[in-house]
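**Student:** The sequence shown begins at 0 in numbering that gives the first Met the number 0 and counts up by one.
Beta carbons: idealized from backbone N, C-alpha and C, even for Gly.
Model, not experiment: these values are computed from the prediction.
First, the structure itself, so that you have it in front of you.
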Amino acid sequence: MIALSDVSKSFVLHNQGGARIPVMAGAELAVGAGECVALTGASGAGKSTLMRMIYGNYLAATGRIMVAGVDVAKAEPREILTLRRQTLGYVSQFLRVVPRVPTREVVAEPLLMTGHARDEAMARAESLLSRLNIPEALWDLSPTTFSGGEQQRVNIARGFAYTYPAMLLDEPTASLDAQNRDTVLTLIEEAKARGAAILGIFHDVEARERVCDREVDVSVFTPAAA
Ligand SMILES: Nc1ncnc2c1ncn2[C@@H]1O[C@H](COP(=O)(O)OP(=O)(O)OP(=O)(O)O)[C@@H](O)[C@H]1O
């Protein structure tokens, strides 16, 4: 589902005389359906950079980044947007809040955008919001004013609303209490059970051990000169 071969990346610092910093070379990685793979490696090793290249936020210098048959390294922006809507989910700790959109709609949106019936989308949104302990009194309000933890849980509900075949998770359990953390890990297990290919960054070792099948240490892809 997700397969990388010979991926490399350098950053060019235009405000520092065009200095070129190689951060990754020869990255290889494969994540199959129903599998969860953790990216590991010290801070600065390139975990986030790799995830951003797979999501199409950063352009790879070389190599192939195949996600469900699409090479993200070469795809047109429109193809990447379609891939993000239908195939590749991304869940970070942070919600990008759109003012005035009620929480229930924020969570249901990925389902509505993929043609699901409104009743079905709302029912799924409500089920996720209650599993993640967002009080019902908040469902019709915009999450703009919610606490950091509430926004994080709304974002997770949104990320798991649609059944993406592939998912990128960036520290999905960071700063959650034990009960909500357990719910998120259960959501990951459910996604694996329905065949999702999942790649994630988990600093939480216990979480990683519970849901991940394998680890890939990205520091082996750090160029010697970097
Ligand atoms: N936009 C950017 N411009 C320049 N350098 C960058 C940029 N993004 C990342 N880097 C550099 O690339 C390297 C890898 O960073 P990255 O954020 O991918 O590491 P990480 O493994 O995710 O670290 P952490 O665990 O601390 O989040 C670092 O040396 C970082 O300084």
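Taking only the alpha-carbon atoms, compute the straight-line gap between Glu214 and Ala24 and give it to the nearest angstrom.
**Tutor:** Roughly 18 Å between the two C-alpha positions.
**Student:** Pick out the complete beta strand (DSSP E) segments inside the region 84–111, 3 residues or longer, and give them in chain order.
**Tutor:** Taking only runs of at least 3 residues, the beta strand (DSSP E) segments lying wholly in the region 84–111 are 87–90.
**Student:** Verify the contact flag: Phe10, CB atom, against every heavy atom of ligand 1, threshold strictly below 6 Å.
**Tutor:** Yes, the Cβ of Phe10 comes within 6 Å of a heavy atom of ligand 1.
**Student:** What residue range does the alpha helix (DSSP H) around Lys46 cover?
**Tutor:** 46–54 is the extent of the alpha helix (DSSP H) around Lys46.
**Student:** Less than 6 Å between C-beta atoms, sequence neighbours within five positions excluded: which residues of the same chain meet that for Met166?
**Tutor:** Closer than 6 Å at Cβ, skipping near neighbours: Gly88, Ala195, Ile197.
**Student:** Excluding the 5 residues preceding and the 5 following Gln150 in the sequence, name in chain order all residues of the same chain whose CB lies nearer than 8 Å to its CB.
**Tutor:** The answer, listed in chain order, is Phe93, Leu94, Val96, Pro142.
**Student:** Please state the DSSP three-state secondary structure of Arg77.
**Tutor:** Three-state DSSP puts Arg77 in a helix.
**Student:** Please state if the CB of Thr221 and the CB of Ala44 are separated by a distance shorter than 7 Å.
**Tutor:** Cβ atoms of Ala44 and Thr221: closer than 7 Å.
**Student:** Gln85: which of Ala124, Gly158, Ile133 sits nearest, CA to CA?
**Tutor:** Among Ala124, Gly158, Ile133, the Cα nearest to that of Gln85 belongs to Gly158.
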